[in-house]
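These notes are about the structure you will find just below.
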Amino acid sequence: QVQLVESGGGLVQAGGSLRLTCAASGTTFSINFMGWYRQAPGKERELVARKSRSGVTNYADSVKGRFTISRDNAKNTVYLQMNSLKPEDTAVYYCHCDSSFYPGEFWGQGTQVTVSS
């Protein structure tokens with residue numbers, strides 16, 4: 177089992193910045209990708225960014241150039257630096273990881289990010 181604990185959400189004005197942190201514990205050696213998804217009201221959950229243990233990185237087109245994902249493998253922690261935030265970035269952000277153990281993936285509890293215009 178893997179446990180994911182997120183922190184860093186909140187309320188910010190458009191153009192501002194926030195940094196999300198997600199710390200993993202448990203069978204962390206089973207993890208390859210760690211990253212972030214988000215879900216806005218009435219919309220499906222979508223990938224924001226993810227980073228593999230070896231450094232392979234994927235971003236949603238909507239956040240490229242504004243968000244940066246980083247990872248500290250020694251601390252089993254992933255970060256999401258969000259700059260130039262827009263009202264459309266408002267969502268619950270969920271930390272996610274895959275795992276070679278059943279059930280194959282784990283989710284954090286979610287943290288609210290609200291961007292006011």
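The letter at position 53 of the sequence shown is residue 229 when you use this note's numbering, and the numbering goes up by one with no holes.
For each residue, glycine too, the CB sits at the ideal point set by N, CA and C.
All values derive from a computational prediction rather than experimental measurement.
Nearest CA to the CA of residue i: which residue from the options?
{"i": "residue 257", "options": "285, 250, 196, 190", "result": "196"}
{"i": "residue 251", "options": "279, 229, 217", "result": "229"}
{"i": "residue 225", "options": "218, 241, 206, 177", "result": "241"}
{"i": "residue 183", "options": "239, 207, 206, 255", "result": "255"}
{"i": "residue 280", "options": "203, 219, 245, 244", "result": "203"}
{"i": "residue 198", "options": "247, 221, 232, 278", "result": "247"}
{"i": "residue 264", "options": "282, 275, 276, 219", "result": "219"}
{"i": "residue 278", "options": "221, 260, 287, 206", "result": "206"}
Quick check: what's the CA-CA separation for residue i versus residue j?
{"i": "residue 262", "j": "residue 188", "result": "9 Å"}
{"i": "residue 235", "j": "residue 223", "result": "8 Å"}
{"i": "residue 201", "j": "residue 177", "result": "8 Å"}
{"i": "residue 266", "j": "residue 238", "result": "13 Å"}
{"i": "residue 285", "j": "residue 249", "result": "21 Å"}
{"i": "residue 227", "j": "residue 217", "result": "26 Å"}
{"i": "residue 215", "j": "residue 275", "result": "22 Å"}
Checking contacts by CB at 9 Å: is residue i closer than that to chain B?
{"i": "residue 251", "result": "No chain B appears in this structure, which consists of one protein chain only."}
Assuming the contact rule is C-beta atoms closer than 8 Å, residue i and residue j should be a hit. Round their C-beta distance to whole Å, please.
{"i": "residue 253", "j": "residue 245", "result": "Residue 253 to residue 245, Cβ: 11 Å. No contact."}
{"i": "residue 282", "j": "residue 180", "result": "6 Å"}
For the structure I just gave you, are there three or more beta carbon pairs, one from the segment 263 to 273 and one from the segment 199 to 211, closer than 8 Å? yes
Per the contact definition of three or more C-beta pairs closer than 8 Å, is the segment 276 to 292 in contact with the segment 179 to 194? yes
Taking the runs of the beta strand (DSSP E) that are 3 residues or longer, which of them lie wholly in the segment 234 to 265? 243 to 248, 253 to 258
Could you tell me which uninterrupted beta strand (DSSP E) segments, each at least 3 residues in length, are contained entirely in the segment 183 to 232, listed from first to last along the chain? 186 to 189, 194 to 202, 210 to 215, 222 to 227
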